[in-house]
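Chemist: Quick one: the structure is below, questions incoming.
Protein chains: 2
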Amino acid sequence: MTRAELVQLIKSRKSYLCVGLDTDITKIPEHLKDKPDGVLEFNKAIIDATRDLCVSYKINTAFYEAQGVAGWQTMQQTVEYIGNEHFKIADAKRGDIGNTSDQYAKAFFSALPFDSVTVAPYMGSDSVQPFLKYDGKWAIVLGLTSNKGAADFELQPCGEGLLYEKVLKTVSQWGSDENIMFVVGATQADSFTAIRQIIPGHFLLVPGVGAQGGSLKDISEKAMNNDCGLLVNVSRDIIFASGGADFAEAARTKALGYQQEMAKYLG
Amino acid sequence: MTRAELVQLIKSRKSYLCVGLDTDITKIPEHLKDKPDGVLEFNKAIIDATRDLCVSYKINTAFYEAQGVAGWQTMQQTVEYIGNEHFKIADAKRGDIGNTSDQYAKAFFSALPFDSVTVAPYMGSDSVQPFLKYDGKWAIVLGLTSNKGAADFELQPCGEGLLYEKVLKTVSQWGSDENIMFVVGATQADSFTAIRQIIPGHFLLVPGVGAQGGSLKDISEKAMNNDCGLLVNVSRDIIFASGGADFAEAARTKALGYQQEMAKYLG
């Protein structure tokens, strides 16, 4: 999916919501737990209930890998079920030397139909560049993450600024705002103004709203750009809004709340 | 596998060789390419040919993920085939917020029988700690990698030293040399002395010998400690030593060369 197509989706749906399919098999409703395709059935119901309210789905690969071969199968069936009217993110935090990142790009962009993969920047340019060779595909590189551990390295002084600032400055030179996005956690709202000075044009994938406590209002006021420039991810707060048989309906109600708030900020 | 067990293996086999199963399906011999289980058959032959010469196998997950569901199945069958007489590394470069790293740890330590996973440090403590909760299992954290991109961030000034030095100092505090190892590329031999000053006791997983040009002699002279403290990985130079039907025999010859050289350095 190109940037122009993504921006068009955001305008038409009045939403920059990404629904995170971090589908923990221990948290799905009881009536689905024992089914062989319980996670897939859960995901399909969530997707059907939220399609018109969001522009993106983010599949957290860890929750699928934890189920072994069957989990990878469920991931494939889920991403195929989403179709082509949403920006599909493999939240996989990959990154390795060039010949290995080539294989990861192949895994998510050829063997699976994702539009983007989250990538860890630590190993530098050759670990990121293989993800930039596919037309209409994106690397979403970790900038400043939402977790407590961000303080250990990302927020440490490095050269003239902080490490994450160096990452934003350096990585943004390896591609363009047509094929690179950055992860910036919603819990880091104090940093959004500084981040927009470094990368005014790039899309940001913003996790951390909902269960992690980030504010949609703060992010939207501080980090939106002329093309919106935001994909705000909500996982647990939507998909596990109810633990009962009404889980899909409850997810839709939550997602609708986020979408309506986003419509206001989009103006 | 505990540290004591690993050290015992190294002593008994007179080897600290790790064979890297970066099995690129396009590079296996012609007679295996069209078989549905060609990669598994290749891996089994390599393992059988090298079992007595190495102490570890490293499965590079990217090459399996690139083959989708079938690839994950091959990875599982391969790691199960290795058995319990080798230290089994999932070279997966994972790392995410705590609740997600929990799932990655489950994927490789429960759903699959690996002894260790390579982990990227960028996201900090909560991204690494879930891998340290399993008895006899290890996190192998990226320190200074073998690729050109190491210059972009790892070798940049950060606080009082370089970023990778800060990573070694910080991460080594999160566990012990009984559950944390570090990746240090063989191409970074100039840095081995400095690294051993920071982490004298930890095991290092050293890729980059062979196709990437690192010297086994240099590493061994500069970085070996009283418990050996090294796992030197060789992938392409062993597994693709011959592209013909004699690939396993050729792999054994190469592995034997490395093992004999290692026996000398072990003294």
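Protein sequences, first through last, are from chains A and B. Positions in the first sequence are counted from 1; adding 1 to them yields the numbering used here. Positions in the second sequence are counted from 1; adding 1 to them yields the numbering used here. No residue lacks a Cβ here, since even glycine has one placed at the ideal position from N, Cα and C.
#1: With a threshold of 8 Å between beta-carbons, can Y58 of chain B be considered close to chain A, or not?
#2: Determine, for I196 of chain B, whether the minimum Cβ-Cβ distance to residues of chain A falls below 8 Å.
#3: Who are the Cβ neighbours of V40 of chain B in its own chain at under 6 Å, not counting the five residues just before and after it?
#4: Taking beta-carbon pairs under 9 Å, can you tell me which members of the segment 121-134 of chain A lie near chain B?
#5: Using a Cβ-Cβ cut-off of 8 Å, state whether A190 of chain B counts as contacting chain A.
#6: Let's see if you can read the secondary structure: which residues bound the alpha helix (DSSP H) around S126 of chain B?
#7: Is the beta carbon of D92 of chain B sitting closer than 8 Å to the one on K59 of chain B?
#8: For the segment 151-164 of chain A, which residues have a beta carbon sitting closer than 8 Å to at least one beta carbon of chain D?
#9: Output the residue ranges of the beta strand (DSSP E) runs that lie fully inside the segment 82-136 of chain B and measure 3 residues or longer, sorted by chain position.
#10: Looking only at its chain, what residues have a beta carbon closer than 6 Å to the beta carbon of G209 of chain A, apart from the 5 residues adjacent to it on each side?
#11: Check the Cβ-Cβ distances between Y105 of chain A and every residue of chain B, and say whether any is below 8 Å.
#12: Whose CA, out of B:C55, B:L164, B:E42 and B:Q78, lies closest to the CA of M263 of chain B?
#13: Under 8 Å between C-beta atoms, does K170 of chain B make it to chain A?
#14: Give every residue of the same chain whose Cβ lies closer than 8 Å to the Cβ of G270 of chain B, excluding the five residues on either side of it in the sequence, and list them in chain order.
#15: Just to make sure I have the definition right: I need the residues of chain A whose C-beta is within less than 8 Å of the C-beta of S147 of chain B. Which are they?
#16: With the cut-off set at 8 Å, would you say D97 of chain A and A63 of chain B are in Cβ contact?
#17: Kindly indicate the opening and closing residues of the beta strand (DSSP E) around M182 of chain B.
#18: How many whole angstroms separate the CB atoms of V8 of chain A and A256 of chain A, which I take to be in contact at a CB cut-off of 8 Å?
#19: Is there a Cβ of chain B sitting closer than 8 Å to that of V118 of chain A, yes or no?
#20: Quick one: is D53 of chain B buried, meaning 16 or more other Cβ sit within 10 Å of its Cβ, or exposed?
#21: Per DSSP, what kind of secondary structure is V56 of chain B in: helix, strand or coil?
#22: Using a cut-off of 9 Å between C-beta atoms, extract the partners of N61 of chain A located in chain B.
#23: Go through its chain and collect everything with a Cβ distance to K94 of chain B's Cβ below 6 Å, but skip five positions before and after it.
#24: Spatial neighbours of F204 of chain B within its chain, please: CB distance less than 6 Å, with the 5 preceding and 5 following residues excluded, ordered by chain position.
#25: Please state the DSSP three-state secondary structure of G176 of chain B.
#26: Between F241 of chain A and chain B, is any beta-carbon pair separated by less than 8 Å?
#27: In whole angstroms, give me the CA-to-CA distance for D116 of chain B and M225 of chain B.
#28: Would you mind telling me which residues of chain B sit closer than 8 Å to G69 of chain A, beta carbon to beta carbon, in chain order?
#29: Within the segment 177-253 of chain A, note down every full alpha helix (DSSP H) run reaching 4 residues or more, in order along the chain.
#30: Can you pull the chain B residues whose beta carbon is under 7 Å from the beta carbon of L206 of chain A, in chain order?
#31: Mapping the DSSP letters down to three states, classify G270 of chain B as helix, strand or coil.
#32: Could you tell me which residues DSSP puts in a beta bridge with N61 of chain A?
#33: Per DSSP, G162 of chain A forms a beta bridge with which residues?
#34: By how many angstroms is the C-alpha of L18 of chain B removed from the C-alpha of Y259 of chain B?
#35: Which residues in chain A sit within 8 Å of S143 of chain B, going by Cβ to Cβ distance?
#36: Verify the CB distance criterion: does E66 of chain A have a CB-CB separation below 8 Å to chain B?
Modeler: Looking at the atomic coordinates:
#1: To locate residue 58 of chain B, count along the second sequence from 1; it is residue 57. No, its Cβ sits nowhere closer than 8 Å to a Cβ of chain A.
#2: In the second sequence, the residue the question calls residue 196 of chain B occupies position 195. Not closer than 8 Å to any Cβ of chain A, the Cβ of I196 of chain B fails to qualify, so no.
#3: Within the second sequence, residue 40 of chain B is the residue found at index 39, counting from 1. Result list for V40 of chain B: T24, I26 and T75, in chain order.
#4: A121, P122, Y123, M124, G125, S126, D127, S128, V129 and Q130
#5: The residue you call residue 190 of chain B lines up with position 189 of the second sequence. Output row for A190 of chain B: interface = no.
#6: For the purposes of this step, residue 126 of chain B is identified with residue 125 of the second sequence, where counting begins at 1. From DSSP, the alpha helix (DSSP H) with S126 of chain B extends over S126 to V129.
#7: Against the second sequence, residue 92 of chain B aligns to sequence position 91. Against the second sequence, residue 59 of chain B aligns to sequence position 58. Yes, Cβ-Cβ distance for D92 of chain B and K59 of chain B is below 8 Å.
#8: Included in the structure are the protein chains A and B, with no chain D among them.
#9: 88-95 and 117-120
#10: Taking the first sequence and counting its residues from 1, one reaches residue 209 of chain A at position 208. Here the set comprises S147, G186, A187, T188 and G215.
#11: For this step, residue 105 of chain A is matched to residue 104 along the first sequence. So yes, Y105 of chain A belongs to the interface.
#12: Here residue 263 of chain B refers to the residue found at position 262 of the second sequence. Taking only the C-alpha atoms, the option nearest M263 of chain B is B:C55.
#13: Indexing the second sequence from 1 puts residue 170 of chain B at position 169. Cβ-Cβ to chain A under 8 Å: no for K170 of chain B.
#14: Examination of residue 270 of chain B is not possible in this model, given that chain B is present from 2 through 268 alone.
#15: Walking along the second sequence from the start, residue 147 of chain B turns up at place 146. Those are I98, listed as they occur along chain A.
#16: Sequence index remark: in the first sequence, residue 97 of chain A carries index 96 (1-based). Sequence index remark: in the second sequence, residue 63 of chain B carries index 62 (1-based). The answer is yes: Cβ separation under 8 Å.
#17: Working through the second sequence from its first residue, we reach residue 182 of chain B at position 181. Note, M182 of chain B: beta strand (DSSP E), I181 to V185.
#18: Within the first sequence, numbered from 1, the residue matching residue 8 of chain A stands at position 7. Within the first sequence, numbered from 1, the residue matching residue 256 of chain A stands at position 255. In fact, because the Cβ distance is near 20 Å, the residues do not count as touching under 8 Å.
#19: For the purposes of this step, residue 118 of chain A is taken as the residue at position 117 of the first sequence. Closer than 8 Å: no.
#20: Within the second sequence, numbered from 1, the residue matching residue 53 of chain B stands at position 52. Classification for D53 of chain B: exposed.
#21: Here the question's residue 56 of chain B lines up with position 55 in the second sequence. Three-state DSSP puts V56 of chain B in coil, outside helix and strand.
#22: Working through the first sequence from its first residue, we reach residue 61 of chain A at position 60. Near N61 of chain A (Cβ distances below 9 Å), the residues of chain B are D97, T101 and Q104.
#23: Along the second sequence, read from residue 1 onward, the residue named residue 94 of chain B stands at position 93. Excluding residues within five positions, the ones whose Cβ falls inside 6 Å are T119 and A121.
#24: The count along the second sequence starts at 1 and reaches residue 204 of chain B at position 203. Cβ within range, chain order: M182 and G230.
#25: The count along the second sequence starts at 1 and reaches residue 176 of chain B at position 175. Correct three-state label for G176 of chain B: coil.
#26: By 1-based counting over the first sequence, the position of residue 241 of chain A is 240. No - not a single Cβ of chain B is within 8 Å of the one on F241 of chain A.
#27: The count along the second sequence starts at 1 and reaches residue 116 of chain B at position 115. The count along the second sequence starts at 1 and reaches residue 225 of chain B at position 224. So the two alpha carbons sit approximately 22 Å from each other.
#28: Against the first sequence, residue 69 of chain A aligns to sequence position 68. Those are W73, Q77, A108, A112 and L113, listed as they occur along chain B.
#29: 193-199, 217-224 and 237-240
#30: Walking along the first sequence from the start, residue 206 of chain A turns up at place 205. By Cβ distance, chain B contributes nothing, its closest Cβ being about 13 Å from L206 of chain A, past 7 Å.
#31: Outside the modelled stretch of chain B, which goes from 2 to 268, sits residue 270 of chain B, for which no answer is possible.
#32: Along the first sequence, read from residue 1 onward, the residue named residue 61 of chain A stands at position 60. DSSP lists A:D92 as partners of N61 of chain A.
#33: Here residue 162 of chain A is taken as the residue at index 161 of the first sequence, counted from 1. Answer by DSSP bridge pairing, in chain order: A:C159.
#34: Start at 1 with the first residue of the second sequence, and residue 259 of chain B comes out as number 258. Start at 1 with the first residue of the second sequence, and residue 18 of chain B comes out as number 17. Rounded to the nearest angstrom, the two C-alpha atoms are 7 Å apart.
#35: To locate residue 143 of chain B, count along the second sequence from 1; it is residue 142. Checking the sequence, you will find Leu at residue 143 of chain B rather than Ser. Chain A residues near L143 of chain B: Y123 and M124.
#36: Here residue 66 of chain A refers to the residue found at position 65 when the first sequence is read from its first residue. Yes, because at least one Cβ of chain B sits closer than 8 Å to the Cβ of E66 of chain A.
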